[in-house]
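Read left to right, the sequence shown gives residues 921 to 1095 (the working numbering).
In this text, a Cβ means the ideal position worked out from N, Cα and C, and glycines have one as well.
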Amino acid sequence: MKKHFFIVSLAVLLCFAFGCQKDEGEAAEEAMEMEGLTEAQAMVIEDALKANYTEYLDAMIEMNLDGSMAYYSETDFQEMLMGVSTYTDREALRNVFVEMIEGRASQGWENLGIKVSVLSGDAAYVSASYDYTINHEDGRIYQGKAVQTMIWQMEAAGWKITHDHVSWAGQYLEE
921 MKKHFFIVSL AVLLCFAFGC QKDEGEAAEE AMEMEGLTEA QAMVIEDALK
971 ANYTEYLDAM IEMNLDGSMA YYSETDFQEM LMGVSTYTDR EALRNVFVEM
1021 IEGRASQGWE NLGIKVSVLS GDAAYVSASY DYTINHEDGR IYQGKAVQTM
1071 IWQMEAAGWK ITHDHVSWAG QYLEE
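Right, dumping it as structure tokens:
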């Protein structure tokens, strides 16, 4: 039994080491084919989600909690992972956002990179990275980089975030 487990484990490890897994583009292409989406339909979804993500991020930057929360699913919200913390309901997530922006005078982002992988006609994976600056009311300035991955699903109210993970690294600038 141990020998069989070792052989299967070794085979899986070798498959990943030597590229047996599909790359992201191949997997997305295969998913679109299974869904019957044309490339043009996938591009429409991609463009819509890039616009939605940018609007979502703008609302976050403007510290517009209602505006940013409007992009999260009210019916199928699963979780948000922020750093090492997990929030599984919208109210808890909103409360964290309230705490995060307390004491901030302004914030901004630049060098936004967004990638959308359409999984089907009603689901997509969105990843983004950006540089950000947070200006605190007490004059401190925090700068860093963030990476965010999300699952968006089409609902009756439009494209909504059902899963979100954001990680960041940064530091306060010396005065």
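Do residue j and residue i have their beta-carbon atoms positioned less than 7 angstroms apart in this structure?
{"i": "residue 1044", "j": "residue 1072", "result": "yes"}
{"i": "residue 959", "j": "residue 1036", "result": "no"}
{"i": "residue 1005", "j": "residue 1082", "result": "no"}
{"i": "residue 1022", "j": "residue 1008", "result": "no"}
{"i": "residue 1038", "j": "residue 962", "result": "yes"}
{"i": "residue 1070", "j": "residue 1051", "result": "no"}
{"i": "residue 970", "j": "residue 1034", "result": "yes"}
By the three-class DSSP mapping on this structure, what secondary structure does residue i have?
{"i": "residue 956", "result": "coil"}
{"i": "residue 1025", "result": "strand"}
{"i": "residue 1001", "result": "strand"}
{"i": "residue 1084", "result": "strand"}
{"i": "residue 983", "result": "coil"}
{"i": "residue 1078", "result": "strand"}
Rounding to the nearest angstrom, what Cα-Cα distance links residue i and residue j in this structure?
{"i": "residue 1093", "j": "residue 1024", "result": "15 angstroms"}
{"i": "residue 976", "j": "residue 1079", "result": "11 angstroms"}
{"i": "residue 1001", "j": "residue 1086", "result": "6 angstroms"}
{"i": "residue 1014", "j": "residue 996", "result": "16 angstroms"}
{"i": "residue 1062", "j": "residue 1027", "result": "9 angstroms"}
{"i": "residue 1056", "j": "residue 986", "result": "21 angstroms"}
For the candidate residues the options, whose alpha-carbon lies nearest to that of residue i?
{"i": "residue 980", "options": "988, 1020 and 974", "result": "988"}
{"i": "residue 974", "options": "1042, 1040, 1030 and 1059", "result": "1030"}
{"i": "residue 984", "options": "1034, 1004 and 1018", "result": "1018"}
{"i": "residue 1016", "options": "1056, 978, 1003 and 1066", "result": "1003"}
{"i": "residue 1032", "options": "1084, 1026, 1057 and 1067", "result": "1067"}
{"i": "residue 968", "options": "995, 1065, 1041 and 996", "result": "1041"}
{"i": "residue 1064", "options": "1091, 964 and 982", "result": "1091"}
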